[in-house]
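Here the first sequence stands for residues 5 to 379, where the numbers follow my numbering. For glycine and all other residues, C-beta sits at the position ideal for the given N, C-alpha and C. Just below is one structure, and these are the notes that go with it.
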Amino acid sequence: MKIEYSLLHTEKNTKARLGKIKTNYGCVDTPMFMPVGTRATVKGLTPEEVKECGSGVCLANTYHLWLRPGEDIVAYCGGLHKFMNYDGPILTDSGGFQVFSLAKNKKKDITEEGVHFKSHIDGQNLFLTPEKSIDIQNKLDSDIAMSFDECPPASASYEYLKNSIERTLRWAERGKKVHNNKNQALFGIVQGGAYEDLRKFSAIETVKMDFDGYSIGGVANDGESKEDMYKAIDYSIPYLPENKVRYLMGVGEPVDILEGVERGVDIFDCVLPTRIARHGQAFTRHGKINLNNAKFKKDLDAIEKNCDCYCCRNYTRAYIRHLLSVGEVLGGRLLSIHNIRFLIRLTEEIRIAIKEDRFLDYKKAFLEKYDSKNK
RNA sequence: GCGUCAUUGGUGAAGUGGUUAACACGCUAGUUUGUGGCACUAGUAUGCAAGAGUUCGAUUCUCUUAUGGCGCC
5 MKIEYSLLHT EKNTKARLGK IKTNYGCVDT PMFMPVGTRA TVKGLTPEEV KECGSGVCLA
65 NTYHLWLRPG EDIVAYCGGL HKFMNYDGPI LTDSGGFQVF SLAKNKKKDI TEEGVHFKSH
125 IDGQNLFLTP EKSIDIQNKL DSDIAMSFDE CPPASASYEY LKNSIERTLR WAERGKKVHN
185 NKNQALFGIV QGGAYEDLRK FSAIETVKMD FDGYSIGGVA NDGESKEDMY KAIDYSIPYL
245 PENKVRYLMG VGEPVDILEG VERGVDIFDC VLPTRIARHG QAFTRHGKIN LNNAKFKKDL
305 DAIEKNCDCY CCRNYTRAYI RHLLSVGEVL GGRLLSIHNI RFLIRLTEEI RIAIKEDRFL
365 DYKKAFLEKY DSKNK
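Written out as structure tokens, the structure is:
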């Protein structure tokens with residue numbers, strides 16, 4: 005089977021939704037956060053550690069796995085689950101984001117047929133099409149595949165966006181046509197920047213194609229303001245069906261997860277918890293802290309006193325600071341575990357709050373604490 | 001004891017008689033939102049062993065002292 009989403013409850017005062025997704029690799033509750041494992045690994049962590057964080061779904065990336073080791077190798081090794089030894093659900097991104105980050109000359113490199121890239125590894129010229137992206141994802145055998153879209157920068161003009169979302173719709177159609185993995189869901193992606201009519205058009209047309217779930221894309225990039233991000237969600241959600249999952253791509257910060265949930269988003273993914281971890285930073289209830297800071301040299305507390313993650317149960321800030329300062333990989337590993345657990349715990353608490361129809365109170369309490377120090 | 005060469009920030013060091021003493025590391029802080037990049041950005045010696053002199057001006061020249069390396073008795 006593909007996936008099955010059931011909407012269990014909509015919060016009384018907001019659009020926040022409690023739901024459940026059934027997959028071939030188990031059930032997951034929504035709202036939820038998915039850690040990113042671009043190259044078939046959540047950087048530094050074993051699948052057991054990822055699962056211990058409470059993670060339901062894990063991400064992997066079509067573009068990266070296409071280059072190395074290649075989708076045929078992954079297929080030969082039994083598909084992504086077996087290959088990376090992860091028995092939970094896996095979602096693959098389509099490579100659309102790499103169009104955004106790697107195609108240097110948007111006008112020249114992005115054609116109707118597909119997108120020209122330069123490999124970030126050796127600079128060789130690559131060409132990715134909707135058909136190719138879906139074919140790779142079929143072979144990777146993830147549980148959820150994403151349509152190949154263009155993720156335009158926030159600075160894109162109305163005119164550019166208009167053409168872009170029309171092309172993304174045609175790409176979605178082409179991808180859907182060749183998608184042939186019976187065990188894999190395929191999601192459509194809504195684009196349109198912060199323009200109400202473009203989001204509406206993109207959403208309505210994407211929904212017409214009847215995907216297994218829908219994403220809101222093109223947010224949280226290129227210095228986009230938070231207001232624009234929230235607008236993008238607000239303008240897209242009303243046109244998405246109630247009985248399908250809604251995925252806000254690439255988000256993110258605790259604040260944005262709360263704002264997304266309030267607006268009716270079910271799932272999130274973001275590199276932030278693992279990336280900032282490798283750079284020494286940790287999420288806490290009071291905001292982010294930087295464990296590189298000298299003030300933690302003799303700090304014998306856990307990163308967070310009441311956190312139940314493996315890191316906080318066993319290690320002090322002083323020790324983690326030491327690991328970071330001498331460049332030991334364990335520092336980043338422990339912080340990754342903490343940060344992933346932090347976001348997943350946030351979604352766990354959000355689910356309870358939705359169930360009890362007190363999401364706004366929960367959000368307010370969280371933000372009051374979180375804003376009190378650092379953002 | 002004599003001669004000789006050195007002495008620049010936390011470290012390794014570049015450099016010049018004249019505006020803000022290069023660079024690297026380290027250190028300090030910040031950034032990071034569908035991960036190309038444990039990356040990026042910024043700050044970090046009011047002073048060039050100490051003192052005196054020459055000079056309009058000295059970290060740069062001269063002398064004395066201190067410390068250290070090397071050589072000779």
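What is the rounded straight-line gap between the Cα of residue i and the Cα of residue j?
i: Lys204; j: Gly58; result: 35 Å
i: Ser240; j: Val194; result: 7 Å
i: Pro156; j: Arg282; result: 28 Å
i: Tyr162; j: Tyr199; result: 8 Å
i: Glu231; j: Asp365; result: 21 Å
i: Arg174; j: Val265; result: 29 Å
i: Asn318; j: Ile114; result: 49 Å
i: Leu22; j: Lys235; result: 22 Å
i: Gly268; j: Tyr251; result: 10 Å
i: Asn247; j: Asn65; result: 26 Å
i: Ser206; j: Cys315; result: 43 Å
i: Met253; j: Gln102; result: 13 Å
i: Gly336; j: Asn225; result: 24 Å
i: Ala286; j: Asn294; result: 6 Å
i: Asp31; j: Lys299; result: Here the sequence assigns Cys to residue 31, which means Asp is not the residue at that position. C-alpha separation (whole angstroms): 43 Å.
i: Gly82; j: Leu63; result: 18 Å
i: Asp312; j: Asp305; result: 14 Å
i: Ser229; j: Lys359; result: 31 Å
i: Lys91; j: Glu209; result: The sequence given here has Asp at residue 91, not Lys. C-alpha separation (whole angstroms): 34 Å.
Which residue wins for smallest C-alpha separation from residue i, given the options the options?
i: Arg43; options: Tyr67, Val61 and Leu22; result: Tyr67
i: Gly127; options: Lys86, Ala107 and Val61; result: Ala107
i: Lys180; options: Phe300, Val223 and Asp153; result: Asp153
i: Thr48; options: Val333, Arg317, Pro277 and Arg21; result: Residue identity differs from the one stated: residue 48 is Gly in this sequence, not Thr. Nearest C-alpha to Gly48: Val333.
i: Lys301; options: Arg321, Lys112, Val103 and Asp214; result: Arg321
i: Asn142; options: Arg171, Leu190, Ala158 and Glu170; result: Leu190
i: His53; options: Asn89, Arg21, Ala176 and Ala64; result: Before going on, a small fix: residue 53 reads as Glu here, not His. That would be Asn89, whose Cα lies nearest to the Cα of Glu53.
i: Val182; options: Asp260, Ala149 and Gly335; result: Ala149
i: Ser151; options: Asp214, Asp260 and Asn343; result: Asp214
i: Asp201; options: Gly256, Gly217 and Tyr243; result: Tyr243
i: Val46; options: Ser329, Arg279, Ser168 and Ile25; result: Arg279
i: His290; options: Lys368, Ile341, Lys373 and Ile237; result: Lys373
i: Val259; options: Leu347, Arg325, Val275 and Val330; result: Leu347
i: Asp76; options: His124, Lys136 and Met38; result: Lys136
i: His3; options: His326, Asp361, Ile261 and Lys309; result: An answer regarding residue 3 cannot be provided, because it is not within the stretch 5 to 379 covered by the chain.
i: Tyr363; options: Gly74, Lys19, Met5 and Lys111; result: The residue asked about is misnamed: residue 363 is Phe in this sequence, not Tyr. It is Lys19.
i: Leu371; options: Leu130, Tyr80, Glu263 and Tyr323; result: Glu263
Give the secondary structure of residue i by DSSP, where H, G and I count as helix, E and B as strand, and everything else as coil.
i: Phe101; result: helix
i: Gly60; result: coil
i: Tyr218; result: strand
i: Met213; result: coil
i: Asn247; result: coil
i: Ile341; result: helix
i: Thr96; result: strand
i: Glu200; result: helix
i: Ile401; result: The shown model of the chain, from 5 to 379, leaves out residue 401, and the question about it has no answer.
i: Glu332; result: coil
i: Glu360; result: coil
i: Ile7; result: coil
i: Thr50; result: coil
i: Lys377; result: The predicted model places Lys377 with a pLDDT of 48, which falls under 50 and marks its position as unreliable; any figure quoted below should be read in that light. Three-state DSSP puts Lys377 in coil, outside helix and strand.
i: Ala176; result: helix
i: Glu170; result: helix
i: Ala322; result: helix
i: Val223; result: coil
i: Arg72; result: coil
Based on the DSSP secondary-structure assignment, which residues constitute the bridge partners of residue i?
i: Met38; result: Asp273
i: Ala44; result: Partner(s): none; Ala44 has no beta bridge.
i: His13; result: Leu22
i: Val32; result: Ile25
i: Lys122; result: Asn129
i: Gly192; result: Tyr218
i: Asn185; result: None; Asn185 has no bridge partner.
i: Ile114; result: Val119
i: Asn89; result: For Asn89, which the question treats as bridged, DSSP gives no partner whatsoever.
i: Asn65; result: Asp97
Compute every distance between the C-beta of residue i and the non-hydrogen atoms of the ligand GDP, then say whether any falls below 7 Å.
i: Leu350; result: Ligands in the displayed structure: none, and consequently the ligand GDP is not present.
Entirely within the stretch 250–320 and at least 3 residues each: give me those beta strand (DSSP E) ranges in chain order. 271–274, 285–288 and 291–294
* Asked: For the stretch 128–167, which segments carrying the alpha helix (DSSP H) assignment without a break, of at least 4 residues, lie completely within its bounds, in sequence order?
  -> 134–144
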